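Quick notes on the structure that follows.
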Amino acid sequence: MRENFPWWRSGILYQIYPRSFQDSNGDGVGDLRGIIARLSYLRELGVDALWLSPIFPSPMEDFGYDISDYTGVDPLFGTLADFDALVAAAHDLGLKVILDLVPNHTSDQHPWFIESRSSKDNPKRDWYIWRDGRGEGAPPNNWLSEFGGSSWEFDERTGQYYYHAFLRTQPDLNWRNPDVRRAMHDVMRFWLRRGVDGFRVDVMWHLIKDDLLRDNPPNPDFAPGRQPYERLIPLYSTDRPEVHAVVAEMREVIDEFDDRVLIGEIYLPPEKLVAYYGRDLTGAHLPFNFALISTPWNAQAVAKLIDGYEAALPPAAWPNWVLGNHDRQRIASRVGHDQARVAAMLLLTLRGTPTLYYGDEIGMPQVKIPPDRVRDPWEKNLPGIGVGRDGCRTPMQWDSTPHGGFSAGEPWLPLDKNSARENVTAERQDATSMLSLYRALIDLRRTKPELALGAYRPVSVTNELLVFEREHQGQRLLVALNLGAASVATAIRLRGRVLLSTFMDRQAETVDGRLELRSAEGIVLEPLA
Ligand code: NOJ
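According to my numbering, the sequence shown is numbered sequentially starting from 25.
This is the structure:
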């Protein structure tokens, strides 16, 4: 189905959190050799590309998002040779490999930062954001760290503060410095030359900060119980106009190579998000659209979101949709197991590249982590307010053995209590399991250009029933999703053939009249003339 489109348009992306996918050496942490051993599963699932969360040398304070060497592989995950073997094996199977690029900040153990903090006149001083305080004990401005507290850390040695949007062990690089840009472009080239098919760029909207470091304004909507970072509107610390030039330069590096993709992690409302496609689409190919992760799960809200996003897209920009990731609550727990099937159908029938998060395809839940097993530094900084991310990062459930087939040793995070029942092996044998549904949906998307490439047209939203159409070169498919608990019927009469129900029991049924849907049922219908 390539037609003239780049692979990432019709393709389906799959995010792997390497610590939790497959352990090959029994240390309880997933690794590259483990991923290689599971590539055939991804092939069988039918996805096109895997994106690996960071695998680089790191003190692991933020589990790899604190990098101390951009061009190596952390021994926990393996070696560069293992990485090369992974890329080769994936490519042999027709799978693309996307790496996580974390350009906003390094670890405080990165040699660049060690140099930078050593003295005010070190050549790397300006590679990070150093400022004098505003007076005795007062940081340069009021900016807050996403992980709690001030985002400024005082450094005794030189008597200045450095800026960190996340942990104090994750100092932000100064992207106004051309040497920083050049160094990171070389990092990109290093991996692109090794054969990676693109990058997911961490916190892209954070890269440039206000040059005057103006105070952020208070957030009038802040309510007790929300995380402290939300006290202020991050007006001057994120999403600055100059960021687009930085992204365009990254894109130029990507374009030095054939067929690579640039994806941006950006948490912004649609109208701001779409600016990251860049002027004349010279920015990110896919600024991640996370709206589905947080939208209330009802037909009106979801319809409004799709329409708003579609309307905001610049001409010729290609949309994308994400249902889960390593930072947010898993879909099966957010909307419940039944609606998670509807969500799967939505994700895989919408217009735009879908990104799946490992384990969602078998319905893995947000796992409850006992207090003594909490690993996430965010949760440790701000206990008890629900920011913990360990629950969506638990080991992949492969089979019914004690550690779920993930590891021979004690896993770094506990597995879900139901993993003996809900796992790949069990779900493979069940024709109506979540896994079977995902496989059927992916299959349908791969065989029907209407779904992979077609136009989107809203049809109706009544009560909890969302109906839309996809059209490609005169061929149409209708998608009807019941986001409610009551059964419903379409207001309009339809003539068509059911291609797939989320219950997986109506294939080939013919409809002539109003289409009836059970509680939490979704249907893809092929209209008949
Ligand atoms: C975004 C990543 O997705 C998250 O996991 C990480 O903690 C922050 N960036 C900081 O790097």
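The beta-carbon is built from N, C-alpha and C at its ideal position, and this holds for glycine as well. Model, not experiment: these values are computed from the prediction.
Once DSSP output is grouped into helix, strand and coil, what is the label at residue i?
i	result
G332	helix
V211	helix
F137	helix
E495	strand
E266	coil
L123	strand
Q39	strand
Y186	strand
W289	With the sequence shown as reference, residue 289 is identified as Glu, and Trp is not the correct amino acid for it. If DSSP states are grouped into helix, strand and coil, E289 belongs with coil.
H129	strand
L104	helix
V391	coil
L505	strand
P438	coil
P242	strand
S261	coil
S357	helix
R200	coil
A553	coil
E540	strand
G408	coil
W167	coil
G415	helix
S34	helix
I547	strand
A272	helix
R250	coil
D179	strand
A513	strand
W75	strand
Y462	helix
Please look up how many angstroms separate the CB atoms of residue i and residue j, rounded, as I've assumed it's under 8 Å.
i	j	result
L66	L119	6 Å
S525	E493	The Cβ separation is near 17 Å, so there is no contact.
H134	A189	H134 to A189, Cβ: 16 Å. No contact.
S140	Y152	5 Å
N344	T377	4 Å
D72	N128	Actually they do not touch by this definition, with Cβ atoms about 27 Å apart.
D440	T418	6 Å
F223	M208	With a Cβ gap of about 11 Å, F223 and M208 do not count as contacting.
G302	R275	7 Å
Beta-carbon separation of residue i and residue j under 7 Å?
i	j	result
N243	Y260	no
S357	P389	yes
I60	L110	yes
G52	S431	yes
S82	S34	no
L539	A504	yes
H309	V271	no
D414	I393	yes
L292	A315	no
V485	A327	yes
L477	H496	yes
N506	L541	yes
V512	L549	no
S443	G429	no
F45	M420	yes
D226	V126	yes
L237	N165	yes
I4	L76	Since the first residue of the chain shown is 25 and the last is 553, residue 4 is not available in this structure.
Do you know offhand how far residue i's Cα is from residue j's?
i	j	result
G157	E289	31 Å
L56	P42	7 Å
P30	K472	17 Å
G173	V204	27 Å
H446	R155	According to the sequence displayed, residue 446 carries Glu and not His. So the alpha carbons of these two residues sit roughly 52 Å apart.
Q499	E474	7 Å
D179	M84	22 Å
G183	E273	34 Å
T193	D90	7 Å
A114	L63	7 Å
R218	G161	47 Å
P258	A455	48 Å
D362	L502	21 Å
R397	E385	25 Å
I317	R352	8 Å
H350	N28	33 Å
V535	L69	29 Å
L191	N405	9 Å
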